[in-house]
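For what it's worth, this note's numbering labels the leading residue of the sequence shown as 1, then goes sequentially. Right, one structure below, let's go through it.
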Amino acid sequence: MILTSNSDIFLKMEKILRLSPIYNILQKAEHGERLSFEDGVRLFKSNDILHIGHIANIVRERKNGNKTYYITNRHINYSNICKNRCKFCAFSREKTESGSYEMALEEILEKAMTAVEEGATELHIVGGLHPDLPFDFYVKMIHEIHESCPDVHLQAFTAVEIEHLSQIARLSVRQTLRELREAGLGSMPGGGAEVFSPKIREQLCPEKLSGEGWLQVMREAHALGLRSNATMLYGHVETAEDRINHLMKLRELQDETGGFLAFIPLAFHPKNTELSNSTGTTAMLDLKVISISRLMLDNFDHIKAYWIMLGIKLSQVSLSFGVDDIDGTVQEEKITHAAGAETPEALSVREIIKLIKESGREPVERDTLYNPVRRKRALAQTR
Ligand code: SF4
């Protein structure tokens, strides 16, 4: 058990913690007081990762006890053809460029049905902003998967894709979301948020939906009862101030709608991007972002380690630094692997359970909405 209460070792840590220059901030977090912008920036400027992580762990255990969630899911990246050219993206291609692809509906459907046969409870469907595919293609994709696999949850299309679809459909964002929801859309992933700072977006992804635009799409989705995740891409050119500003905007929207399920920090991978000179993230930065996010986002129930980007070993360590969710089986991932990710494209349920148990946590298989999944036969024994 990692639970910290009544543990001698953590009482000793408390004594050492009192000497830390960030003690007052961590005390606030421990007592459930909301942290300010200045508090968050000061935490980023500190290298006292063990103390920051210790308090993040207390908050994590207060919210989720010893549970660590995982999901049996499959990613479907239906096309990498994109009209944008974000400098941090190694995935997108122009239509005529070598390596471009778009899956036919039959192929998407086949992948979906195979995943469901193998026990997936969620399909995570995202792609580029295709310049030609009509809105009908997306509605049909969701509708046909939903018809063939009515029990699987469809988490599809980032806020950036939704805004693109609303443009090609010539519909409002709300009506676009309504039509997709009627077709079977269950929730939205949190991608495309990057870092909200207009200055950074101008520098890295000037064609992309603005940060305010991203938040507005999420506001509309939450108003319709569609839940979503939220992300932040870090480790490129952003500052500590940019990160805290991003987290505070997410916290404000969560206060307003309560629609976010989880926050997922995304560690930048520079290979094959226009920022390939960047060194990418370090373990220290990864753990800081994870634990400070846990402390700043007091109204988010879950902080997720996306092991594809974070790495399997550090994802396991993050379970003691504020993380309560280690994502899922994934099965096939193209976006981060185009940027040189060295993680595998899939983990078995058996591997995920091992990672969780070895860190002293209790594995809980969840569905997209964090309901526990009860299976007649454990998948861990079949894979
Ligand atoms: S990050 Fe998304 S919007 Fe930007 S180029 Fe890549 S696929 Fe297109």
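Even for Gly, the Cβ is constructed at its ideal location relative to N, Cα and C.
Query	Result
Whether residue 205 touches residue 88 by CB criterion (9 Å)	yes
Residue range of the alpha helix (DSSP H) that includes residue 155	No alpha helix (DSSP H) holds residue 155; the beta strand (DSSP E) holding it covers 153-156.
Sub-9 Å separation of residue 329 and residue 74 beta-carbons	yes
Residue 208: CB within 8 Å of a non-hydrogen atom of ligand 1	yes
Continuous alpha helix (DSSP H) stretch holding residue 114: start and end	105-117
DSSP three-state assignment for residue 315, whether helix, strand or coil	helix
For residue 364, the three-state DSSP class (helix, strand or coil)	strand
Where the alpha helix (DSSP H) through residue 181 begins and ends	173-183
Opposing strand residues paired with residue 196 [DSSP bridges]	Bridge partners of residue 196: none, in fact.
Separation of residue 240 from residue 46, as counted between CA atoms	11 Å
Counterpart residues of residue 74 in DSSP-defined beta bridges	123
Beta-carbon proximity check, residue 234 vs residue 265, cutoff 9 Å	yes
Burial state of residue 255, where buried means 16 or more other Cβ atoms lie within 10 Å	exposed
Residue 310 versus 336, 295, 298, residue with shortest Cα-Cα distance	336
Delimiting residues of the beta strand (DSSP E) encompassing residue 230	227-234
4 or more residues per run - each alpha helix (DSSP H) lying fully within the region 280-335	283-296, 307-310, 312-318
Inside the region 34-81 only - beta strand (DSSP E) runs reaching at least 3 residues	67-71, 73-77
As assigned by DSSP and simplified to three states, the class of residue 166	helix
C-beta atoms of residue 279 and residue 222 nearer than 9 Å	no
Local conformation of residue 137 per DSSP, three classes	helix
Contact set for residue 14: own chain, Cβ-Cβ below 7 Å, skip 5 residues either direction	none
Beta-carbon spacing of residue 84, residue 100 below 9 Å	no
Beta carbon proximity, residue 311 to chain C, threshold 9 Å	Protein chain content of the structure displayed is limited to a single chain, and chain C is not contained in it.
Secondary structure of residue 253, DSSP reduced to three states	helix
Through-space distance from residue 274 to residue 263, alpha-carbon basis	26 Å
Buried versus exposed call for residue 382 [16 or more other C-beta atoms within 10 Å across all chains shown]	Reliability fails at residue 382, whose pLDDT of 40 lies under 50, so the model's placement of it is uncertain and the value that follows must be treated cautiously. Exposed, by the Cβ-count rule.
Between the CA atoms of residue 121 and residue 365 - distance to the nearest angstrom	10 Å
Around ligand 3, Cβ to any heavy atom closer than 6 Å, ordered along the chain	By its list of ligands, the structure shown excludes ligand 3, since it contains just ligand 1.
Straight-line gap, residue 146 to residue 106 (C-alpha atoms, nearest Å)	14 Å
Whole-Å CB distance - residue 29 paired with residue 297, under 8 Å assumed	That belief does not hold up - the Cβ atoms of residue 29 and residue 297 are roughly 11 Å apart, past 8 Å.
Presumed contact (8 Å Cβ cut-off) between residue 413 and residue 250, rounded CB distance	With the chain covering only 1 through 383, there is no way to say anything about residue 413.
Residue range of the beta strand (DSSP E) that includes residue 264	260-267
Residue of 194, 301, 244 minimising C-alpha distance to residue 269	194
Residues bridged to residue 372 (per DSSP)	366
Beta-carbon spacing of residue 109, residue 148 below 9 Å	yes
Chain-order list of residues whose beta-carbon lies under 7 Å from that of residue 242 (same chain, five-residue window excluded)	195, 197, 200
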